[in-house]
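**Student:** I have a structure here, written as structure tokens, and I will follow up with some questions on it.
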Amino acid sequence: MIKKALPLLLISLFLLPLYGAADADPKVELTYPIETDPGKIIFIDVKLTNTTSEMLWDLKAVIDSDEIPIDIKNYINIIDGEKKFVEDSDHSINIQDQVTTRLSIEITANAE
5 MIKKALPLLL ISLFLLPLYG AADADPKVEL TYPIETDPGK IIFIDVKLTN TTSEMLWDLK
65 AVIDSDEIPI DIKNYINIID GEKKFVEDSD HSINIQDQVT TRLSIEITAN AE
């Protein structure tokens with residue numbers, strides 16, 4: 005009996021630190037204007053709160069142009085479509101820290 009229990013105990017001890025490693029997703033909030041006019045630039049503020057139980061590394065905010073419907077894509081130009089949240093040397097976001105970055109899109113003049 006002990007010969008069967010010992011390997012299970014060792015496996016459990018190795019897997020225990022992994023339990024709950026990513027118990028929550030980071031919280032993301034977007035701030036952007038509700039209305040705009042042709043020829044204007046829309047700024048999208050992306051605020052990320054690390055609500056996980058681990059540090060986050062090398063995260064960036066991205067506007068994925070492949071996900072934009074073609075009828076909308078014809079009327080916008082992505083200016084700043086990809087930015088890192090943290091530019092300093094270690095590229096990390098500590099637990100419960102908040103970081104913000106800004107993306108931007110230009111509405112074309114023919115978007116009436």
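The sequence shown begins at 5 in the working numbering and counts up by one. Where is the CB? At the ideal position from N, CA and C, for every residue including glycine.
1. For a quick check, are the C-beta atoms of Leu60 and Ser96 less than 8 Å apart?
2. Do Phe89 and Lys64 have their beta-carbon atoms positioned less than 8 Å apart in this structure?
3. With C-beta atoms as the reference, is Ile111 less than 8 Å away from Thr56?
4. For Asp120, which residues does DSSP report across the bridge?
5. If you count every other CB in all the chains shown that lies within 10 Å of the CB of Thr105, and 16 or more means buried, which is it?
6. Would the beta-carbon of Leu34 fall within 8 Å of that of Ile67?
**Tutor:** Judging by the given coordinates:
1. Yes, these two residues count as a Cβ contact at 8 Å.
2. Between Lys64 and Phe89, the CB-CB gap stays under 8 Å.
3. Going by C-beta atoms, Ile111 is not nearer than 8 Å to Thr56.
4. The structure shown does not extend to residue 120, since the chain spans only 5 to 116, so no value can be given for it.
5. Counting C-beta atoms within 10 angstroms of its own C-beta, Thr105 has 16 or more neighbours from the protein chains shown and is therefore classed as buried.
6. For Leu34 and Ile67, no; Cβs fall outside 8 Å.
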